[in-house]
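In full-length UniProt numbering, the protein residues as written are 1 to 303.
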């Protein structure tokens, strides 16, 4: 799949990031991960991102990363395209990127570099180096310490033909508008704020109809129903699902830092697809919070 074909796929539909399965000892559980991917793939997501933020990329050893990406690519070879999360320092990100390409990933999500602050020019140089290290398509994720502006994204688009996507995790509407107006159809645009459904209608109005859904991991039917309601501007259904599910869900998620991942793993367990515990420094939901989420999911009915 060439970068432009990937761009076309990412310009429509719902995207999601499967959690990564660990066993009770915290090691990668390949069998559980295969079962998860086989369950989620038929629900209609346009693409799945292996070892993304929700997939705990930040906690994986390099050898585990290779296992996760290979398992996802092999399992979904005939069903849905797999993109791989990459990140860390420039040299680390390049190693991950080249490994993902070797293993057959259709594209990459370039996560923010780790820890240190950097100038716009430095971040742009980092993105350019990773893009030029591979031939597959790359989506850059503006979030946390990665805050590229429209000027630099335009220059990167000229220098890196395989930079085909922009994912926004900042929620800076002025910046999003400036990037969307400046770059036009050069990129596919993805909404990437945590629990993106809450922002989906607003982003669609900005010309960003595609977003990534974390809740697809455990209520895939509800996630797809919500996406289709957004697409057809069914405001009644959108409002009902926000009131009945997403706002109560946020009340649980916002109790502790890091719960954006932990609550998804809890939901997967409730749904019958236990992915094991999160790895430190994240913490799992309490028993009370787990029961609150289970009651909320029960209201959504069979998936």
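Just so it is clear, CB atoms sit at the ideal spot from N, CA and C, and this is done for glycine as well. Please read all numbers here as calculations on a predicted model, not as lab measurements.
Going by CA-CA distance only, name the one from the options that's closest to residue i.
{"i": "residue 52", "options": "96, 77 and 43", "result": "96"}
{"i": "residue 125", "options": "252, 99 and 91", "result": "91"}
{"i": "residue 84", "options": "13, 117, 104 and 303", "result": "104"}
{"i": "residue 292", "options": "303, 280, 282 and 270", "result": "270"}
{"i": "residue 228", "options": "215, 246 and 209", "result": "209"}
{"i": "residue 71", "options": "207, 34 and 178", "result": "34"}
{"i": "residue 79", "options": "40, 116, 98 and 108", "result": "40"}
{"i": "residue 298", "options": "245, 231, 93 and 282", "result": "245"}
{"i": "residue 234", "options": "201, 221 and 257", "result": "201"}
{"i": "residue 86", "options": "30, 65 and 236", "result": "65"}
{"i": "residue 225", "options": "116, 199, 181 and 303", "result": "303"}
{"i": "residue 26", "options": "284, 279, 283 and 289", "result": "279"}
{"i": "residue 221", "options": "55, 285, 5 and 301", "result": "301"}
{"i": "residue 58", "options": "204, 111 and 256", "result": "111"}
{"i": "residue 6", "options": "258, 109, 168 and 171", "result": "109"}
{"i": "residue 38", "options": "94, 178, 63 and 76", "result": "76"}
{"i": "residue 150", "options": "160, 169 and 180", "result": "180"}
Can you have a look at residue i and say buried or exposed, based on whether 16 or more other CB atoms are within 10 angstroms of its CB?
{"i": "residue 114", "result": "exposed"}
{"i": "residue 254", "result": "exposed"}
{"i": "residue 191", "result": "buried"}
{"i": "residue 158", "result": "exposed"}
{"i": "residue 50", "result": "buried"}
{"i": "residue 174", "result": "exposed"}
{"i": "residue 102", "result": "exposed"}
{"i": "residue 135", "result": "exposed"}
{"i": "residue 283", "result": "exposed"}
{"i": "residue 32", "result": "buried"}
{"i": "residue 304", "result": "Nothing in the structure corresponds to residue 304, since the chain is present only between 1 and 303."}
{"i": "residue 236", "result": "exposed"}
{"i": "residue 54", "result": "buried"}
Only counting the same chain, and skipping five residues up and downstream in sequence, which positions put a Cβ closer than 6 angstroms to that of residue i?
{"i": "residue 162", "result": "3, 131, 137 and 138"}
{"i": "residue 294", "result": "270"}
{"i": "residue 223", "result": "213, 215 and 216"}
{"i": "residue 1", "result": "106"}
{"i": "residue 10", "result": "165 and 188"}
{"i": "residue 289", "result": "252"}
{"i": "residue 232", "result": "none"}
Can you find the residues in the same chain that come closer than 7 angstroms, C-beta to C-beta, to residue i, ignoring five residues on each side of it along the sequence?
{"i": "residue 196", "result": "211, 212 and 213"}
{"i": "residue 186", "result": "157"}
{"i": "residue 144", "result": "112"}
{"i": "residue 154", "result": "182 and 183"}
Could you name the residues of the same chain whose beta carbon sits closer than 8 angstroms to that of residue i, not counting the 5 residues immediately before and after it, in chain order?
{"i": "residue 156", "result": "124, 127, 128, 131, 140, 148 and 163"}
{"i": "residue 249", "result": "195, 215, 263, 293 and 296"}
{"i": "residue 116", "result": "145"}
{"i": "residue 285", "result": "252, 259, 262, 263, 266 and 293"}
{"i": "residue 98", "result": "133 and 134"}
Does the segment 233-245 come into contact with the segment 255-274, if we say contact requires no fewer than three beta-carbon pairs (one atom in each stretch) closer than 8 angstroms?
As far as the Cβ criterion goes, the segment 233-245 does not touch the segment 255-274, which means the pair count is below three.
Going residue by residue through the segment 39-109, where are the continuous beta strand (DSSP E) segments of at least 3 residues, counting only ones entirely within it?
Complete beta strand (DSSP E) runs here, min 3: 47-50 and 82-86.
Is there contact between the segment 14-26 and the segment 270-284, where contact requires at least three CB pairs shorter than 8 angstroms?
Here the segment 14-26 makes contact with the segment 270-284; the two share three or more CB pairs at distances below 8 angstroms.
Determine contact between the segment 31-49 and the segment 3-16, defined as no fewer than three beta-carbon pairs at a distance below 8 angstroms.
With the cut-off at 8 angstroms, the segment 31-49 and the segment 3-16 touch.
Identify every run of the alpha helix (DSSP H) within the segment 271-301, keeping only runs that are complete inside it and at least 4 residues long; order them along the chain.
If one requires a minimum length of 4 residues, the alpha helix (DSSP H) runs lying completely within the segment 271-301 are 287-299, in chain order.
Any beta strand (DSSP E) of 3 or more consecutive residues that is wholly inside the segment 134-190:
Counting only runs of 3 or more, we get 137-142 and 163-168.
Which runs of the beta strand (DSSP E) spanning at least 3 residues fall entirely within the segment 198-264, listed in chain order?
As far as the segment 198-264 is concerned, its whole beta strand (DSSP E) runs of at least 3 residues are 210-213.
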